[in-house]
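Protein chains in written order, with the numbering used here: chain A, 29 to 925; chain R, 80 to 140.
Every residue gets a Cβ at the ideal spot worked out from N, C-alpha and C, and that includes glycine.
All of these numbers come straight from a predicted model, not from anything done at the bench.
Comments concern the structure below.
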Amino acid sequence: MAINYEVPEDKRLLYWLGDKLIEYRHPVSIVVIIVTAMMAYFSFQLRLVTSFGDLLPQSHAYIQIHNRFSGTFGGANNIVVMLEVKEGDVFNVQTLNKIWGMTEGLDKVYGVNHNQIDSIAHRTVRYLKVASGGTMRATPVMLQPVKKEEEAAAIKRIVHNAENIYGLLVSLDDKAAIIRANFIEGRLDYRRIFEEVNEKVVKPFEDENTKVYVAGEPRLYGWVYHYAGDVFWILVVTYCLEWVLRWMYFHDWRGSLRPTITGLIAAFWGLGFIHVIGLALDPLMLVMPFLITARAVSHAIQMHDRYYEEFEKCGWNKRRAIVAAFAELFVPTLSGISTDAFAVLVILLVPVVMLQKLAITASWWILAITISEMLLNPIVYFYLKPPEPELVVLRERGIFRKGINWFTARLLSRTGRITTVAVWLGAGLIGLYFMRGLTIGDPTSASPLLWTDSPYNVSHQRAQDKFGGVEPLIVVAEGYDRDAMKDPDMLRKMEAFQRHLERDPGVGYSFSLADIIRAVNMVFHELEPKWGVIPSSWVDVGGLFFIYFSGSPPTETAKYVTADYRTAHVTFYCKDHRGENIRRIMQRAKDFIFQEQLADLGFTVAQQDGKVVITEVASEPNWETAGPSWIVSAQATGQTPFKVGDAITKIGKVKVEKVEDLEAAITKEAANKTLIDFHLLRDGSVTETTVGVPWKAMFKLAGGLIGVLAAANEELVRNDALMNFLGFFTMWMIMLFTYRSFAAGFYLLAPLFLSNILVNAYMAINDIGVNIHTLPLVTVGLGFGIDYGLYIVSRVIEEIRVRGDLLDSVREALVTSGKAVTFTAVTMIISTAFWISSHIRFNAEMGLLLAIWMGVSYVGSQTLLPVLILMFRPRFIMKESRYAAARTRVAAESTTR
Amino acid sequence: MELGLWSSVAIVLGFSFLVVFVDEWIVKPMRHKRWEKKAASGDKEFLHLLDIARNAKVVDE
Chain A
29 MAINYEVPED KRLLYWLGDK LIEYRHPVSI VVIIVTAMMA YFSFQLRLVT
79 SFGDLLPQSH AYIQIHNRFS GTFGGANNIV VMLEVKEGDV FNVQTLNKIW
129 GMTEGLDKVY GVNHNQIDSI AHRTVRYLKV ASGGTMRATP VMLQPVKKEE
179 EAAAIKRIVH NAENIYGLLV SLDDKAAIIR ANFIEGRLDY RRIFEEVNEK
229 VVKPFEDENT KVYVAGEPRL YGWVYHYAGD VFWILVVTYC LEWVLRWMYF
279 HDWRGSLRPT ITGLIAAFWG LGFIHVIGLA LDPLMLVMPF LITARAVSHA
329 IQMHDRYYEE FEKCGWNKRR AIVAAFAELF VPTLSGISTD AFAVLVILLV
379 PVVMLQKLAI TASWWILAIT ISEMLLNPIV YFYLKPPEPE LVVLRERGIF
429 RKGINWFTAR LLSRTGRITT VAVWLGAGLI GLYFMRGLTI GDPTSASPLL
479 WTDSPYNVSH QRAQDKFGGV EPLIVVAEGY DRDAMKDPDM LRKMEAFQRH
529 LERDPGVGYS FSLADIIRAV NMVFHELEPK WGVIPSSWVD VGGLFFIYFS
579 GSPPTETAKY VTADYRTAHV TFYCKDHRGE NIRRIMQRAK DFIFQEQLAD
629 LGFTVAQQDG KVVITEVASE PNWETAGPSW IVSAQATGQT PFKVGDAITK
679 IGKVKVEKVE DLEAAITKEA ANKTLIDFHL LRDGSVTETT VGVPWKAMFK
729 LAGGLIGVLA AANEELVRND ALMNFLGFFT MWMIMLFTYR SFAAGFYLLA
779 PLFLSNILVN AYMAINDIGV NIHTLPLVTV GLGFGIDYGL YIVSRVIEEI
829 RVRGDLLDSV REALVTSGKA VTFTAVTMII STAFWISSHI RFNAEMGLLL
879 AIWMGVSYVG SQTLLPVLIL MFRPRFIMKE SRYAAARTRV AAESTTR
Chain R
80 MELGLWSSVA IVLGFSFLVV FVDEWIVKPM RHKRWEKKAA SGDKEFLHLL
130 DIARNAKVVD E
């Protein structure tokens, strides 16, 4: 059937397209059904998986260090099991045997790195024993289960005398012991680890006097997987409630069914695509599919409402109504889907694989709504029986419609307009004030993924309280040559580093080779405390290391130092992973490393007139020339390559303009080379001076949980503002093409911008930080917020073409499209807000946050946007009134004739 | 009670059929009866609705 009735000239093509879709409904349906069936099959193959490596910004320098050394020095995937007794201490037969059994149990858990277990009952934790004949050897603290109380008392003595055990693996009050295990990143099966830890480490050993606490990232994700089943309850409750709501709104079961079809098809296409490209669902990202499906349902509700409206207008002609609804909503729907899909793509900027995968899949999923909502929509309506006309009329007469009419009248009055602008300005200013507190990273010490009183956070907090810190920050000391770690200066530097960072309130304690060497030296000298120092010669250090490590295989010693003594680490156990603490600790670490480097080079610097100038040159070290380079001399030469007043302009190829540049340049240049090229501006000319580094090893940041979180936070800080800008810019560009107006984007983005401020303020007030989990959801919210406005503006344009009067057109848009927008906002808010019942705090907070976002954006589009349009009378809308004027002129002319 | 994928699918499908059933065979007849009563008492709005229900010609090609 051709379009042989009057349709708006500028939309004739869309009417034709809608009609053709109905005409060719059979082949289109068959293709869509086949593809959807395939995608549905793939959807059911999808699994919940979290890939730890995907959560890390792989290009970041910290992560590269983490990746290189996590296999030997320990990574971010540690499980900390703490056994605590209520009465007495841990040094009795029963409790020590429990620690033995738990250590054995943990050693058998899937994915554990057998050489990276710390426990007084593990073979790798040793103490120095003087054997008969005066020989010394390092022996495991516990070689077998304890049989007598005398053996337990002996272990107590050993622990109290071992600096690398007491306070680190056994608490200072003797009431708790820790078993720490690192897991191999490639073998992280969180669900299996969770169950096996419960079966082998926790359940068999708990009794009235003994409590077992388990913390650490693999355990945390294990709990997340454990609670992931919540999604089914939330799905069922949301689905049923939404069906009832839609049924009440449309007074017809078709109104409930039709959006479900859209949501379901889009979900199959989205989930199927995730599987096809080899990805999996992350349990922490389950809110995202809900949100996208809710968005699909929301578009479908708009379309369904419009179909009913057109059904009445078209004199109960089903086909005409279908085609008209399709054509009239084509622009706002396509534009809405495009803004959603492309705004999400800006997440690609963050170099975190999981976020990039998420951006691609979410974008595809949203684009899939085009198929279910636009391509298939006319066909589905054509197959469905038309609604009863009386129900269509009834829909316009309920209390809901009356409420919308009443509100619109108040809003568009003079007082209403002034009040709206004033309230939004006030809210924006208050939001700006509070959003200053928004943090990058986690704002609380407990894991924000689970509730504060969850078993995980209780365990985590208990272990932190008892041991002062369980979250590791690993700083690698990488030497240029073998035996670099036997250099007494290097060991002293490690010790100084430990003392420096331990002064930070966020660091509990630390551990390095320096602790071992001091403890061994003391034992070697009959436990005299005054010998608990680092020896002053390489030979003595080497001898002590030999005594301590000689009885251990390289696989065991590797967790302290590499077999060639080239590389070791300093590990700081931090009290929490608050974003602000991580930033401060990392800055302190960087400052220490830089100051030590300057001290080794023998000068101090200051920023003067935009240059980095040497302000003081120390008498040490002594320098001498060796060919074209300067090297440190053992003799007092009185020579130095540096002079007071020299300005450092470049190091290697890196320009130096600030002190921070110098720090970064030295870190980069000296990372793998022993020669640094200084470009010094001296007496007006630049001289190139090559200096041999005076240190044996470089401290390199950073591994461990704190190191990888620092990397993620730094990437987020670097990209957050850019992402927000690009998100808004993308939407503005789509508005530019949709309405062919530069101003349109500003009108539509204004309420969204204010919503953004208010949501950020809410996050700051409620201690929700921006991290790799919250970021994608917040960005999706950004794109989704604009859809409401699109429907309103498109309807205003449509109405002004007929009515010619702006106030009338805005009023009509609000009571027609605005009514549907209100209903879709309600359904979307409900479908996301139900997540608040989740055991996973992250999902609950994100659900609530997105519900608030939807709510604020909706209120903005329903109040501020129409008021702004009425106040400023934008040209891209007003120019459309010429159609009405032309129509009036034609009508007047025909009357005159 | 823990829900799995298939039990959830069963519940939502069952609920959907229940809504369709309740709408078609319980609510609609009840609604019409109520309108007729109201129309009989002279309510113009319900007279209009009944009129549409009886006389509107739906074109379903």
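Subject >> Residue-level contact to chain A via CB, Ala135(R), 7 angstroms cutoff >> reply: yes
**OP:** List the residues that DSSP assigns as beta-bridge partners of Ser661(A).
**Re:** In DSSP, Ser661(A) forms a bridge with Asn650(A).
Subject >> Contact with chain A by Ile131(R), beta-carbon distance below 7 angstroms >> reply: yes
Original post:
Candidates Ala68(A), Ser564(A), Leu729(A), Lys514(A): which alpha carbon is nearest Ile613(A)'s?
Top reply: Leu729(A)
Subject >> Identified DSSP bridge partners for Thr632(A) >> reply: DSSP, once it has assigned bridges, lists Glu644(A) as partnering Thr632(A).
Subject >> Backbone CA spacing between Tyr7(A) and Ala390(A) [nearest angstrom] >> reply: This structure does not reach residue 7(A), given that chain A is present from 29 up to 925, and the question cannot be answered.
**OP:** For the segment 86-98 of chain A and the segment 202-209 of chain A, state whether three or more C-beta atom pairs, one from each stretch, are separated by less than 8 angstroms.
**Re:** no
**OP:** Compare the Cα-Cα distances from Glu115(A) to each of Lys239(A), Gly454(A), Met316(A), Pro669(A) and report the closest residue.
**Re:** Lys239(A)
Subject >> Neighbouring residues, chain R, relative to Asn433(A) (Cβ below 8 angstroms) >> reply: Within 8 angstroms Cβ-Cβ: nothing; Asn433(A) doesn't reach chain R, min ~16 angstroms.
**OP:** State the DSSP-derived secondary structure class of Asp470(A), mapped to helix, strand or coil.
**Re:** strand
**OP:** Sort Ala848(A), Leu386(A), Glu908(A) by Cα distance to Leu299(A) and report the nearest one.
**Re:** Leu386(A)
Original post:
Given a limit of 7 angstroms on CB to CB distance, which residues of the segment 334-348 of chain A reach chain R?
Top reply: Trp344, Asn345, Lys346, Arg347
Original post:
Cβ of Tyr816(A) within 7 angstroms of Cβ of Tyr886(A)?
Top reply: In this structure, Tyr816(A) places its C-beta atom within 7 angstroms of the C-beta atom of Tyr886(A).
Subject >> Residue-level contact to chain A via CB, Ile105(R), 7 angstroms cutoff >> reply: no
Original post:
If you check the beta carbons only, do Val645(A) and Thr668(A) fall under 7 angstroms apart?
Top reply: yes
**OP:** Would you mind stating whether Ile5(A) and Val843(A) have Cβ atoms separated by less than 7 angstroms?
**Re:** Outside the shown range of chain A (29 to 925) lies residue 5(A), about which nothing can therefore be said.
**OP:** Give the residues of chain R in contact with Tyr267(A), contact being defined as C-beta atoms less than 9 angstroms apart.
**Re:** Ser87, Ile90, Val91, Phe94, Ser95
Subject >> Under 7 angstroms by beta carbon: chain A residues contacting Asp139(R) >> reply: Lys346, Pro414
Subject >> Amino acids of chain A, ordered along the chain, whose beta-carbon sits closer than 8 angstroms to that of Gly83(R) >> reply: Gly257, Phe260
Original post:
Can you tell me where the alpha helix (DSSP H) with Pro317(A) in it begins and where it stops?
Top reply: Run containing Pro317(A): 315-341, per the alpha helix (DSSP H) assignment.
**OP:** Could you name the residues of the same chain whose beta carbon sits closer than 7 angstroms to that of Leu357(A), not counting the 5 residues immediately before and after it, in chain order?
**Re:** Gln330, Met331, Arg334
Original post:
Are the C-beta of Pro417(A) and some C-beta of chain R separated by less than 7 angstroms?
Top reply: yes
Subject >> Extent of the continuous alpha helix (DSSP H) run through Gly773(A) >> reply: Looking at the DSSP string, the run of the alpha helix (DSSP H) that includes Gly773(A) is 770-793.
**OP:** Give the secondary structure of Met164(A) by DSSP, where H, G and I count as helix, E and B as strand, and everything else as coil.
**Re:** strand
**OP:** Measuring only between beta-carbons, confirm whether Leu128(R) sits less than 7 angstroms from chain A.
**Re:** yes
Original post:
Under three-state DSSP, which class holds His801(A)?
Top reply: coil
Original post:
With a cut-off of 7 angstroms, does the C-beta of Leu314(A) fall near any C-beta of chain R?
Top reply: no
**OP:** Name, in chain order, the residues that DSSP records as bridge partners for Ile710(A).
**Re:** Note that residue 710(A) is Arg in the sequence shown here, rather than Ile. DSSP, once it has assigned bridges, lists Ser713(A) as partnering Arg710(A).
Original post:
Whose Cβ in chain R lies nearer than 9 angstroms to the Cβ of Val28(A)?
Top reply: The question about residue 28(A) has no answer, for chain A in this structure spans 29 to 925.
Original post:
Can you find a CB in chain R that lies within less than 7 angstroms of the CB of Val35(A)?
Top reply: no
**OP:** Determine the direct distance from the alpha carbon of Ile544(A) to that of Ser657(A), and round the result to whole angstroms.
**Re:** 36 angstroms
Original post:
For Asp122(R) and chain A, any beta-carbon pair shorter than 7 angstroms?
Top reply: no
Original post:
Given that Asp280(A) touches chain R, what residues does it touch there, using C-beta distances under 8 angstroms?
Top reply: Asp102
Original post:
Mind pulling the chain R residues with CB within less than 7 angstroms of Leu422(A)?
Top reply: Leu128
Original post:
Are the C-beta atoms of Trp275(A) and some chain R residue less than 7 angstroms apart?
Top reply: yes
Original post:
Leaving out five residues before and five after Val838(A) in sequence, what residues of the same chain have Cβ atoms less than 7 angstroms from its Cβ?
Top reply: Leu440, Val824, Pro894, Ile897, Leu898
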